[in-house]
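Peer 1: Could you have a look at this structure, given as structure tokens, before my questions?
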Amino acid sequence: MDFTVFAQQIANGLVNGMAYVLIATGLTLVFGVLRIVNFAHGEFYMLGAYITYFVGTLLGLDYIAAAAISAVVVAGLGIAANRLIFWPLRRDHEFTILLSSLGLALLIANGGELLFGADPKYVESPFADEVLDIGTVTLTQQRVLVFAAAVVALIAVYLFIRYSRFGKMMRATAQNPNGAALTGINIKLVHAYTFALACGLAALSGALVGPTVMIFPTIGNWAVLKGFIVVIMGGLGSVTGALFAGLLLGVIESLGGGYISLGFMEAIGYAMIIAVLLWRPHGLFSTARGLR
Amino acid sequence: MFGRRTLLAAAAALALTIPLAGTGAHAQQPPVRIALIGPMSGTGAFEGQLGLEGAQAMVAVINAKGGVAGGRKIELLTYDDKGSPEDGVSAAKRAMEQDNVDMIVGGWFSAVALSMKEVTRDKIITVMTSSQHPKVTEEGHKYLFRLNATSAMMSEFYSKAICERIKPKSIAFMNVNDDWGRLELDNYTKLLTGCGIEVKGHEFYNRTDTDFTTALTKLKSLNADAIYVAAINTSQGATIYRQIKQTGYRGKVIASAGNMNPKLVELSGNALEQVYSASPFTEDGSAPSLKPWLEQYRKSYKNEPSFIAALGAQAVQTLAFGVEAAGGDPRAYDKIAAALKSQEVPTVMGTLRFSDKGQANQAIHLVQIQKKQIVSVRD
Amino acid sequence: MLKVEGLKVSYGHREAVHNVSLTVEEGELVTLVGSNGAGKTTTLKAISALLRPSGGTITFDGERIDRMAPHQVIERGLVHVPEGRQLFPDMTVLEHLELGALRGRPGSMGFAERLRWVYELFPILAERRTQRAGTMSGGQQQLVAFGRGLMANPKCLMLDEPTLGLAPIIVDTLADTIKSLHKSGITVLLVEQRVDLALRLADRAYVLETGRVVMEDAAQTLLADPRIKTAYLGL
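Residue numbers (this note's numbering), protein chains in the order written: chain A, 126 to 417; chain B, 58 to 436; chain C, 755 to 989.
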């Protein structure tokens, strides 16, 4: 076996995997705290990529600023979506909420096609074509940035959930919503900001991954699919689970595609879900309820 | 971007109101109703849009001159096949049975063309556009025509150019995993091996993939002199060309024939510089109908005129020519088919001749990307 | 201080509380007794805004609270220590106490002082401050819930089944604590299945039956009432 190629594939897999983790973290937070299976999560990823593109091209801001603005704007959109759709439905049947999130996904995707056009676009980044050689491994600066920024974002999210007052409120709400309400936690506020955080993370992943590929209005499907594979594998509501499952999926896809067949790559995700669920029905890092 | 959709809607609305608004003798004549079935949503949506724009622009040109056969305007009805054979078939059925259209333009993707032709052949004049799969016209159906060169015709021309002009010592393939992509591999492996180029290997990527680093890492490690990329989808193509450079590959890159378009060049940045392709469409062609169409297209749409758009225009021209030759009756299918198979059809991409099986002899040119322009390479 | 008038609460189409009216005066210890399903817990949940009443009014310190969110009720000094403790299993004791203070009524005591006060009342919580609540025994968990409620600096405490499932010795300690909190000036509304204990602690009592108040009197009187004895004390 050629070690150079092997190392390169591992590196490719870790970068892709870290992007999956970033997407899945928001999904798992929303499930953990709001108990919503949010099919529209991928659409916020799409919006993140597009807003980065438009802030860059129309306002002429540099890539980093555009990505930051995009994350903030999409977080705001998240607050609006939650206020208009999910908060009013919070006492409804799970199935109603599920369908509404699906409806929201279609609405944003079709709206995106109308507003942004169906043609693919490219998010310019100064790091996209700059190649870095790390030992025998070749990565673009952008891909290193995807990994590094995701790591920083995830550490920040972890510390926030673990130690900040709001993070504690989120965990409490996730673990026992009634108990949280009776403790004086403003549930509405927790829902709003958790949804905003999740959407901001989705947008950040869109902004980071954007320059490594092309963007078009239906990329959200891809994002939410990867996100769900990771979240189901890692355990619904588990942030640590998402981290391990995401990296695992990235590396296995890359090695499977590299050494077995590319056609197999897509199937690997589903195969992993089935395998994990057979072995541990609640995912790798299952928590009966609540954030970890 | 918003503007284009609005324009399309406005154009469609306009096309619909023309027969109602007109007065006088010519207005009594019903329009020739053509169904354009293409991928209007999903991953092929951009290609579908380009084709539609090309066709709309040609319809506008023809209608501005008074239509066909002494005053019959052309009306274009749009259907979405979502790039899927099932949706293509149901769209064709809807067009024929519910909307009672006169003729059909479709078949942007081979898979859709192959399924759809089973519903439309022998029943209605159908012009297949960008599909390159030989099977579309292999059997020969009486009312079926196909514009694009088959992959065999393309590869015959292009392999010669690769062997004689580009001259790599060895080559590796990066092909989409579908009927066309697999056919490309077979064709070029045979043809390029024939002129002494060593084929080092290949990768098939999936039609839904968005990232290609895994495949390209493998291809790079083969150390081939050139990588041949067979990609139809513009966004996949652009990502592949960029990622080839990003993996640190420094060899030649050869783009598959018939799949070079201005959007791809724009999206690929510098990654396409000096890359070759083969295309029936060049903006510097000499067909008389090219200029008015280019002007109309640029006036109406933001996109740059492309091969796909030119195919849309060509399809409309072919049908208009057929109706004209049949004396103005769009339902005189036998007459139209006979005329198309026996006469030369002037189009934006030069004069077409259809074989008895309905296959056009599209002229192909070697092109290269120079300073982000698609330039034809002439001997 | 707390006044409930004509309260109605429904779960879906089923009305669980039909027409409950009760008052708790400042400084009182009032108990709500009745068999399972009489609507005691539902009444408390409606007062603390966990459930939205379908009819009636609830006022606290002269202010309508029946359209508020739970945290707004807590801000006004009315704190509900719920049945079944409702803790956060993966969070530490200290985290529970911190969260409890979050929306607390601003009072003379700062966070540190309140924490010291709760630790003095329940020394075990100080000892176990870094332990996760889910790993504690039932009695300890009850103290965490109690402590969390006290961190909000309540004017009025609503205790729902505080002794449920606890060992007798802990029940006694808890009863003493309730008594001393009441003495220190906190108004208490107590729901308790140990009717004898509740009546001994309370000044007044309401008897609930299938979502209605059927009797209301001084605790001592009810304790002596033979009907109560047969119906609820099993004597």
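Beta carbons: idealized from backbone N, C-alpha and C, even for Gly.
Computed from a prediction, not measured in an experiment: that's the story for all the values here.
Nearest by alpha-carbon distance to A:Q133: which of A:K351, A:V262, A:M295 and A:V269 is it?
Peer 2: A:V262
Peer 1: Ignoring anything shorter than 4 residues, give me the alpha helix (DSSP H) runs that lie fully in the segment 226 to 264 of chain B, in order along the chain.
Peer 2: 236 to 251
Peer 1: Quick one: measure Cβ to Cβ for A:F410 and A:G375, integer angstroms, because I've assumed they're closer than 8 Å.
Peer 2: In fact, because the Cβ distance is near 17 Å, the residues do not count as touching under 8 Å.
Peer 1: Would B:V89 and B:E132 be called neighbours here (beta carbons separated by less than 9 Å)?
Peer 2: yes
Peer 1: Do you know how far the Cα of C:V774 is from the Cα of C:A985?
Peer 2: 20 Å
Peer 1: Are the beta-carbon atoms belonging to A:G173 and A:A278 less than 9 Å from one another?
Peer 2: no
Peer 1: Mind listing which residues of the segment 297 to 325 of chain A have their C-beta closer than 8 Å to chain C's C-betas, in chain order?
Peer 2: A297, Q300, N301, N303, G304, A305, A306, L307, T308, G309, I310, N311, I312 and K313
Peer 1: For chain A, is any of its Cβ atoms less than 9 Å away from the one on C:M845?
Peer 2: yes
Peer 1: In terms of residue numbering, what span does the beta strand (DSSP E) encompassing C:E769 cover?
Peer 2: First-last of the beta strand (DSSP E) with C:E769: R768 to V778.
Peer 1: Can you check which of these residues, C:L848, C:G939 and C:M890, is closest to C:E779 by C-alpha distance?
Peer 2: C:G939
Peer 1: What are the boundary residues of the beta strand (DSSP E) that includes C:C910?
Peer 2: C910 to D914
Peer 1: Give me, in chain order, the residues of the same chain whose beta-carbon lies closer than 8 Å to that of B:A420; leave out the 5 immediate sequence neighbours on both sides.
Peer 2: P337, M406 and G407
Peer 1: If you check the beta carbons only, do B:L204 and B:H190 fall under 9 Å apart?
Peer 2: no
Peer 1: Quick one: what's got a C-beta closer than 6 Å to B:A148's C-beta in the same chain, skipping five residues either side?
Peer 2: Counting only Cβ-Cβ distances below 6 Å, and skipping sequence neighbours, we find I94, Y136 and D138.
Peer 1: Using a Cβ-Cβ cutoff of less than 7 Å, which residues in the same chain neighbour B:D159 once the five nearest sequence positions on both sides are dropped?
Peer 2: V89, R90, I91, P387 and R388
Peer 1: In terms of alpha-carbon separation, which member of A:L322, A:I393 and A:F252 lies closest to A:A196?
Peer 2: Among A:L322, A:I393 and A:F252, the Cα nearest to that of A:A196 belongs to A:L322.
Peer 1: Skipping 5 residues on each side, what residues in its chain have a beta carbon closer than 7 Å to that of A:Q267?
Peer 2: Excluding positions up to five away in sequence, the list reads S250, F252, A253, P336 and T337.
Peer 1: Starting from C:P836, follow the beta strand (DSSP E) in both directions and report where the run begins and ends.
Peer 2: No beta strand (DSSP E) holds C:P836; DSSP gives it neither H nor E.
Peer 1: Using a Cβ-Cβ distance cut-off of 9 Å, determine whether A:E168 contacts chain B.
Peer 2: no
Peer 1: Going by CA-CA distance only, name the one from B:E260, B:I431 and B:T271 that's closest to B:R239.
Peer 2: B:E260
Peer 1: Cβ of C:I828 less than 9 Å from any chain A Cβ?
Peer 2: yes
Peer 1: Between B:G384 and B:S212, what straight-line distance do the alpha-carbon atoms span, to the nearest angstrom?
Peer 2: In a straight line, the C-alpha of B:G384 is about 38 Å away from that of B:S212.
Peer 1: Leaving out the 5 sequence neighbours to the left and right, which residues in its chain are closer than 6 Å to C:L913 when beta-carbon positions are compared?
Peer 2: V835 and L944
Peer 1: Compare the C-beta of A:E219 with all C-beta atoms of chain B and state if any pair is closer than 9 Å.
Peer 2: no
Peer 1: Name the chain A residues that come within less than 9 Å of C:A906, Cβ to Cβ?
Peer 2: T308 and G309
Peer 1: Which residue or residues does DSSP assign as beta-bridge partners of C:T969?
Peer 2: A quick correction: the sequence has Met, not Thr, at residue 969 of chain C. Beta-bridge pairing links C:M969 to C:V961.
Peer 1: Roughly how many angstroms lie between the CA atoms of C:H772 and C:N907, to the nearest whole one?
Peer 2: Going from the Cα of C:H772 to the Cα of C:N907 covers about 32 Å.
Peer 1: Please report the straight-line C-alpha distance between B:G105 and A:M390, rounded to a whole angstrom.
Peer 2: 28 Å
Peer 1: State buried or exposed for A:L270, treating a residue as buried only when at least 16 other CB atoms are found within 10 Å of its CB.
Peer 2: buried
Peer 1: Label B:N157 either buried or exposed according to how many other C-beta atoms from any shown protein chain fall within 10 Å of its C-beta, with 16 as the threshold for buried.
Peer 2: Exposed: under 16 other Cβ atoms inside 10 Å.
Peer 1: Taking the alpha-carbon positions, what's the B:K356 to B:K122 distance?
Peer 2: 17 Å
Peer 1: Where does A:N311 land, buried or exposed, given buried means 16+ other C-beta within 10 angstroms?
Peer 2: By the neighbour-count rule (16 or more Cβ atoms within 10 Å), A:N311 is buried.
Peer 1: What does the alpha-carbon distance come out to for the pair C:A929 and C:R948?
Peer 2: 11 Å
Peer 1: Which parts of the segment 282 to 312 of chain B are runs of the alpha helix (DSSP H), unbroken and 4 residues or longer, counting only runs that do not cross its ends?
Peer 2: 291 to 303
Peer 1: Which class does C:T813 belong to by DSSP, given the choice of helix, strand or coil?
Peer 2: strand
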